[in-house]
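Colleague: Here numbering that gives the first Met the number 0 is used: the first residue of the sequence shown is 0, the next is one more, and so on.
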Amino acid sequence: MCADRVRSRIGRARDEEIGQDFHHSEESKRMFRWQCGSGPRRVAGLVVAGFLLTFLFSIRAQAGFGYVFVQCVFKAHHSLDDYTKSGAEYGSVSAIVEGADKGWASIDFPTDKATRHNYTRSYDILLAPYQHTAKNVLELGIKKGGSIKLWREYFDAGAFIYGMDIDHGCPTFPRDGHIKSIFLDTNNREDVLKAVGDIRFDVIVDDGCHTNLCIWKSFNTLFPLLQPHGLYLVEDYPKYFLYTLEKYFHKNSSNQFYIVGDRADEEVLLAILPPSSWALQPEVTRKMSWKLVKPIGGEA
Ligand SMILES: C[S@@+](CC[C@H](N)C(=O)[O-])C[C@H]1O[C@@H](n2cnc3c(N)ncnc32)[C@H](O)[C@@H]1O
Numbered sequence: 000m001c002a003d004r005v006r007s008r009i010g011r012a013r014d015e016e017i018g019q020d021f022h023h024s025e026e027s028k029r030m031f032r033w034q035c036g037s038g039p040r041r042v043a044g045l046v047v048a049g050f051l052l053t054f055l056f057s058i059r060a061q062a063g064f065g066y067v068f069v070q071c072v073f074k075a076h077h078s079l080d081d082y083t084k085s086g087a088e089y090g091s092v093s094a095i096v097e098g099a100d101k102g103w104a105s106i107d108f109p110t111d112k113a114t115r116h117n118y119t120r121s122y123d124i125l126l127a128p129y130q131h132t133a134k135n136v137l138e139l140g141i142k143k144g145g146s147i148k149l150w151r152e153y154f155d156a157g158a159f160i161y162g163m164d165i166d167h168g169c170p171t172f173p174r175d176g177h178i179k180s181i182f183l184d185t186n187n188r189e190d191v192l193k194a195v196g197d198i199r200f201d202v203i204v205d206d207g208c209h210t211n212l213c214i215w216k217s218f219n220t221l222f223p224l225l226q227p228h229g230l231y232l233v234e235d236y237p238k239y240f241l242y243t244l245e246k247y248f249h250k251n252s253s254n255q256f257y258i259v260g261d262r263a264d265e266e267v268l269l270a271i272l273p274p275s276s277w278a279l280q281p282e283v284t285r286k287m288s289w290k291l292v293k294p295i296g297g298e299a
């Protein structure tokens, strides 16, 4: 086919001339190389073109590998290293996430709190009493740093946002002095207590290890470091472990345990409230759709 194209280009040339003089001339070699390429090169060209088209299409559709790649590698990572609190004022957690580019790979807030889960709707209600009052907020599980940024945007400028993660590759937010990334295993009580020192938290969100034993260990270490008016949240708690709540978490406890349903069917959000938690205010409780867990051997 290529030879035909070359033939038509040279127009009046005779077949014998193409096979001999023209075929062996430098000009013909250049034309063949330019127009036809070699077999493997042509295949490689088609593959690259295919990738490029898929890549551009997925960026346009804001889905798929291309989009995730651009968001994660170029934009999300870059924006996290450079991040400082924006100074914008937000009325709710949802407003921040909805105002940002959506999705777990979002440029602005790479988190699954409003995609796979719908926790942000509950957080709008539960966190409202803390938005302008919290001094120290802790989240277990930093991952891509999206939720740490989310908290930094949501709470007042004076609040400190602490993130704990076992993975030293998680973001550190070097430009924002009110965000502290702490690298440790939250199973390790001694390390956690040493890192926290005399800090007491207004809100703790456990979105870390997600295994029952680890959630329980982290809770035992960190719940006593919660302010009496505080709120302790456990994300992605598996429904099939709910029976253990009464047995372990709630034993002899005067705290209130609530189960909040989630759009991810097999998991729930746990809200654990000390008796004087601000999340027990009527403005919160009448808006929340949640289920109280009764402690074993006592009235809820
Ligand atoms: C679900 S991700 C956190 C997502 C993040 N909070 C967000 O909303 O974007 C869970 C994180 O917990 C961390 N993790 C798992 N086990 C841990 C442990 N034992 N101690 C501390 N961090 C742990 C993982 O490294 C991972 O980054």
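For each residue, glycine too, the CB sits at the ideal point set by N, CA and C.
Please report the Cβ distance between PHE108 and VAL96, rounded to the nearest whole angstrom; I am assuming they are in contact, meaning their Cβ atoms lie under 8 angstroms.
Modeller: The pair is a contact, with the Cβ atoms about 6 angstroms apart (cut-off 8 angstroms).
Colleague: Looking only at its chain, what residues have a beta carbon closer than 8 angstroms to the beta carbon of LYS84, apart from the 5 residues adjacent to it on each side?
Modeller: Cβ within range, chain order: ARG151, GLU152, ALA156, ASP175, HIS177.
Colleague: For LYS142, which option in ARG41, ASP206, THR210, ILE124 has the closest C-alpha, if you only look at C-alpha atoms?
Modeller: Cα-wise, what sits closest to LYS142 is ASP206.
Colleague: Going by the beta-carbon positions, is the gap between TYR118 and ASP201 smaller than 7 angstroms?
Modeller: No, the pair does not count as a contact, with Cβ atoms beyond the cut-off.
Colleague: In this structure, how does DSSP classify TYR257 when only helix, strand and coil are distinguished?
Modeller: In this structure, TYR257 counts as strand in the three-state DSSP scheme.
Colleague: Distance, Cα to Cα, GLU88 vs ALA94?
Modeller: Computed Cα separation, rounded: 10 angstroms.
Colleague: Got a sec, what are the start and stop residues for the alpha helix (DSSP H) ILE124 sits in?
Modeller: Looking at the DSSP string, the run of the alpha helix (DSSP H) that includes ILE124 is 118-125.
Colleague: Taking 8 angstroms as the limit between beta carbons, can you name the residues of its chain near VAL191, skipping five residues before and five after?
Modeller: Excluding sequence neighbours, VAL191 sits near MET163, LEU183, THR185, SER217, THR220, LEU221.
Colleague: What is the DSSP secondary structure of SER217, reduced to helix, strand or coil?
Modeller: Note: SER217 maps to helix in three-state DSSP.
Colleague: Among residues of its own chain, excluding the 5 on either side of PRO343, which ones have a beta-carbon nearer than 6 angstroms to its beta-carbon?
Modeller: The displayed coordinates of the chain run from 0 to 299. Any statement about residue 343 would go beyond what the structure contains.
Colleague: Note down the Cα distance separating ARG41 from LEU51, rounded to an integer number of angstroms.
Modeller: Approximately 15 angstroms, taken between the alpha carbons.
Colleague: Can you find a heavy atom of ligand 1 that lies under 6 angstroms from the Cβ of GLY140?
Modeller: Under cutoff, so the answer is yes.
Colleague: Check the DSSP bridge columns for LEU291 and list the partner residues they point to.
Modeller: BP columns for LEU291 point to TYR257.
Colleague: How would you call ASP166, buried or exposed, if buried means at least 16 neighbouring beta carbons within 10 angstroms?
Modeller: ASP166 should be labelled exposed.
Colleague: Just to check, is the beta-carbon of SER93 closer than 6 angstroms to a non-hydrogen atom of ligand 2?
Modeller: This structure lacks ligand 2; its bound ligands are ligand 1.
Colleague: Which word fits ARG285, buried or exposed, when buried means at least 16 other C-beta atoms lie within 10 angstroms of its C-beta?
Modeller: Exposed: under 16 other Cβ atoms inside 10 Å.
Colleague: Measure the CB-CB distance between SER116 and ASP264 and report whether it falls below 7 angstroms.
Modeller: The displayed chain sequence assigns His, not Ser, to residue 116. Not in contact: HIS116 and ASP264 (Cβ atoms no closer than 7 angstroms).
Colleague: Could you tell me the distance, in whole angstroms, from the CA atom of LYS134 to the CA atom of TYR239?
Modeller: Computed Cα separation, rounded: 35 angstroms.
Colleague: Just to confirm, does LYS112 get its C-beta within under 6 angstroms of one of the non-hydrogen atoms of ligand 1?
Modeller: The answer is yes for LYS112.
Colleague: Considering only heavy atoms of ligand 1, does any lie closer than 6 angstroms to the CB of SER146?
Modeller: Yes, ligand 1 has a heavy atom inside 6 angstroms of this Cβ.
Colleague: Among the residues of its own chain, which have a CB less than 8 angstroms from the CB of TRP33, if the five just before and after it don't count?
Modeller: Residue confidence for TRP33 is low, a pLDDT of 46 falling below 50, so the modelled location carries little weight; the figure read from the coordinates is stated next. The answer is none, since no qualifying residue turns up.
Colleague: Per DSSP, what kind of secondary structure is TYR231 in: helix, strand or coil?
Modeller: TYR231 falls in the strand class under three-state DSSP.
Colleague: Given a threshold of 16 other Cβ atoms within 10 Å of its Cβ, counted over all protein chains shown, does TYR82 qualify as buried or as exposed?
Modeller: Burial call: buried.
Colleague: Could you have a look at ASP201 and say whether DSSP puts it in helix, strand or coil?
Modeller: Of the three classes helix, strand and coil, the one that applies to ASP201 here is strand, per DSSP.
Colleague: If you count every other CB in all the chains shown that lies within 10 Å of the CB of THR110, and 16 or more means buried, which is it?
Modeller: With 16 or more other Cβ atoms within 10 Å, it is buried.
Colleague: Go to LEU269, then tell me how far its beta strand (DSSP E) extends in each direction, as first and last residue.
Modeller: It spans 266-272 - the beta strand (DSSP E) in which LEU269 sits, taken as one unbroken run.
Colleague: Per DSSP, what kind of secondary structure is ALA75 in: helix, strand or coil?
Modeller: At ALA75 the pLDDT is 48, less than 50, meaning the model places this residue with poor confidence; the figure from the coordinates comes in the next sentence. In this structure, ALA75 counts as helix in the three-state DSSP scheme.
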